[in-house]
Amino acid sequence: MENILNNSTGFLFFDLSEKEFVNDQDDLKAVLEGCRRASARDIEKTFREMAVSTDQPIVLLCEDGKLSRKVARRLIKSKYTNVYVIAGGKPALIEYFQSSR
Numbered sequence: 059m060e061n062i063l064n065n066s067t068g069f070l071f072f073d074l075s076e077k078e079f080v081n082d083q084d085d086l087k088a089v090l091e092g093c094r095r096a097s098a099r100d101i102e103k104t105f106r107e108m109a110v111s112t113d114q115p116i117v118l119l120c121e122d123g124k125l126s127r128k129v130a131r132r133l134i135k136s137k138y139t140n141v142y143v144i145a146g147g148k149p150a151l152i153e154y155f156q157s158s159r
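Residue 144 in the numbering used here sits at position 86 of the sequence shown, and the numbers go up by one each step.
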C-alpha cells in the first residue's frame with residue numbers, strides 16, 4: 059500500500075463504495091479526493107468511456123476490500139493487467155495513516 063500511495067502518479071483510483079465515506083483525517087482525504095466514484099456493476103463501461111487502457115495501473119477501494127477484490131477478478135478476466143486492491147478497504151487506509159504517524 060505504501061508504494062502505491064507514495065508513487066500514485068499514473069495510477070487511477072476508483073472508489074466503489076456504495077455509501078459516502080466521511081473522515082477528518084487529512085491524509086485519507088487527500089487519497090479519497092483523487093478517487094473517482096464508480097459503480098462496481100458498470101466499471102467496464104466507465105473504463106470504456108474514459109478510454110482506460112488495459113495496462114493502465116488501477117487501484118480499487120471500497121468499504122472493506124471485498125467488493126474491490128470481486129471487481130478486480132472481473133477486470134483481470136477482461137484483460138486488465140495492472141489492477142490493485144486496497145486490502146481491508148477504507149478502514150485499512152485509516153489504520154495505515156494512523157500507524158505511520
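Beta carbons: idealized from backbone N, C-alpha and C, even for Gly.
- Following the DSSP letters along the chain, one finds V117 in no alpha helix (DSSP H) but inside the beta strand (DSSP E) bounded by residues I116 to L119.
- Comparing alpha carbon positions, the residue from A145, R127 and Y138 closest to V110 is Y138.
- Distances from the CA of R132 to each of R95, I101, E91 and I144 were compared; the closest alpha carbon is that of I101.
- When the beta-carbon positions are compared, V143 and S126 come within less than 8 Å of each other.
- When DSSP states are grouped into helix, strand and coil, R94 belongs to the strand group.
- Closest by C-alpha distance to K77, out of E91, E121, T112 and P149, is E121.
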